[in-house]
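Novice:
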Amino acid sequence: MIENILLADSGTGQSEQMLKSLMELPAIQRAAVTVLHVIPPKITAEEMAEQRQAAAKLLAEAVARLHLDPVISVNTMLREGDPKDTVLHVADEINADLIIMGSRGLKRLQSILENSVSQYVFQLSSRPMLLVRDDLFVKKINRIMVALNHSAAAKASLDLAVRLIEGVKGGKLILAHVNPDLKGHADTPSAAAEKDPILAEAATVAKQRGVEYQCVLTTGKPGEEICRIATDTNADLLVLGSPDRRPSIARSLPDLDRLLGTSLSDYVRVYAECPVLFVRQSEA
1 MIENILLADS
11 GTGQSEQMLK
21 SLMELPAIQR
31 AAVTVLHVIP
41 PKITAEEMAE
51 QRQAAAKLLA
61 EAVARLHLDP
71 VISVNTMLRE
81 GDPKDTVLHV
91 ADEINADLII
101 MGSRGLKRLQ
111 SILENSVSQY
121 VFQLSSRPML
131 LVRDDLFVKK
141 INRIMVALNH
151 SAAAKASLDL
161 AVRLIEGVKG
171 GKLILAHVNP
181 DLKGHADTPS
191 AAAEKDPILA
201 EAATVAKQRG
211 VEYQCVLTTG
221 KPGEEICRIA
231 TDTNADLLVL
241 GSPDRRPSIA
251 RSLPDLDRLL
261 GTSLSDYVRV
271 YAECPVLFVR
281 QSEA
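In this note's numbering, the protein residues as written are 1 to 284.
(1) Apply the 10 Å Cβ neighbour rule to H150 and answer buried if 16 or more other Cβ atoms are within range, or exposed otherwise.
(2) Using DSSP with H/G/I as helix, E/B as strand and the rest coil, what is H89?
(3) Any idea what DSSP makes of S242, helix, strand or coil?
(4) May I have the straight-line CA-CA distance separating Q53 from L6, to the nearest angstrom?
(5) Classify V216: buried if its beta carbon has 16 or more other beta carbons within 10 angstroms, exposed otherwise.
(6) Can you tell me where the alpha helix (DSSP H) with K221 in it begins and where it stops?
(7) Any idea if K207 is buried or exposed, counting beta-carbon neighbours within 10 angstroms, 16 or more meaning buried?
(8) With DSSP as the reference, label M23 as helix, strand or coil.
(9) Is DSSP giving L182 helix, strand or coil here?
(10) Who are the Cβ neighbours of A250 in its own chain at under 6 Å, not counting the five residues just before and after it?
(11) According to the neighbour-count rule (16 or more other Cβ atoms, all chains shown, within 10 Å of its Cβ), is H67 buried or exposed?
(12) Which residue comes first and which comes last in the beta strand (DSSP E) that contains T76?
(13) Is it buried or exposed for M1, if we count other Cβ within 10 angstroms and need 16 for buried?
(14) Can the beta-carbon of L237 be found closer than 9 Å to that of I226?
(15) With 16 as the cutoff for other CB atoms within 10 Å, does D92 come out buried or exposed?
(16) With 16 as the cutoff for other CB atoms within 10 Å, does G223 come out buried or exposed?
Have a look at this one:
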């Protein structure tokens, strides 16, 4: 379960609104929140003093904007250093169950060249991460889509999606499976889609937990189809398994093969028209 949330707040973007929407879900209403702001190193002591003062004001304003329930544990944290490494370090330090960050939605190569903090953290952290593009409108969470396949990461994302939607009045779970080998191009009707082995298993879980659901079975390029389904079903949040395939010897280095190669997670991160919660799960 998500009991400890790290909000890496840069003072811009939609990450604060995302946290507010997330905290309205029954499953997360009592989670502890740490709001982090990182000051990049400055040359002079005078510059650092000015930056500390501005950052402290930013943190106070961020907490005020969140309007969280007083019973929720909210901790503010001001750190100095490289934002990329600092977010990773703090996430480990507080044992965060979820990292929330804003994202400019830069494509892979561009994010490397522009030294993207969110992309760096996304590549190196093994923790679940919720990325919110700066140009998205964050809505109240009533419809959660989960993209499914045979992977352990997909099963973990289904479990989390069901937990998040449980208890949401009028809430609905959208179960989607993109099968590239499926003949045809149109989406299979929901009743027929539920006969798909992957969707049937997921539907059984939803029924057992008393969650309303809809099945979507289609074919095509997974990244493009997942983004299309999220738009067509008006999903407020997309939950996607993102396997950690980095060898342990390379955990301290960016995975350039995945950054420069074809990555489903990266495609969805850039093109999905709703916030995306990536569930990290090591594959056997």
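Beta carbons are placed, not taken as given, at the ideal position from N, Cα and C, and that holds for glycine.
Quick caveat: nothing in here was measured; it's all calculated off a predicted structure.
Specialist: According to the structure data:
(1) Taking the first residue of the sequence shown as 1, we reach residue 150 at position 150. Burial call: exposed.
(2) Position 89 of the sequence shown, counted from the first residue, corresponds to residue 89. Reduced to three states, the DSSP call for H89 is helix.
(3) Translated into the one-based positions of the sequence shown, residue 242 becomes position 242. The answer is strand: DSSP assigns S242 an E or B state.
(4) By 1-based counting over the sequence shown, the position of residue 53 is 53. By 1-based counting over the sequence shown, the position of residue 6 is 6. Whole-angstrom Cα-Cα distance: 22 Å.
(5) Stepping through the sequence shown from its first residue, residue 216 is reached at position 216. Classification of V216: buried, given that the 10 Å Cβ count is 16 or more.
(6) Stepping through the sequence shown from its first residue, residue 221 is reached at position 221. Segment: none, K221 is in no alpha helix (DSSP H) and carries neither H nor E.
(7) The sequence position of residue 207 within the sequence shown is 207, counting from 1. By the neighbour-count rule (16 or more Cβ atoms within 10 Å), K207 is not buried but exposed.
(8) Indexing the sequence shown from 1 puts residue 23 at position 23. The answer is coil: DSSP assigns M23 none of H, G, I, E or B.
(9) As a position in the sequence shown, residue 182 is number 182, starting the count at 1. In this structure, L182 counts as coil in the three-state DSSP scheme.
(10) Here residue 250 refers to the residue found at position 250 of the sequence shown. The pLDDT assigned to A250 is 41, lower than 50, so where the model puts this residue is not dependable, and the model offers no usable value.
(11) Translated into positions along the sequence shown, residue 67 becomes position 67. Classification of H67: exposed, given that the 10 Å Cβ count is below 16.
(12) Indexing the sequence shown from 1 puts residue 76 at position 76. Taken as a continuous stretch (DSSP letters only), the beta strand (DSSP E) holding T76 covers V74 to E80.
(13) The residue you call residue 1 lines up with position 1 of the sequence shown. That one is exposed.
(14) The residue you call residue 237 lines up with position 237 of the sequence shown. The residue you call residue 226 lines up with position 226 of the sequence shown. Cβ distance not < 9 Å, so L237 and I226 don't count as in contact.
(15) Taking the first residue of the sequence shown as position 1, residue 92 is located at position 92. Exposed, by the Cβ-count rule.
(16) The residue given as residue 223 occupies position 223 in the sequence shown. With 16 or more Cβ atoms within 10 Å of its Cβ, G223 is classed as buried.
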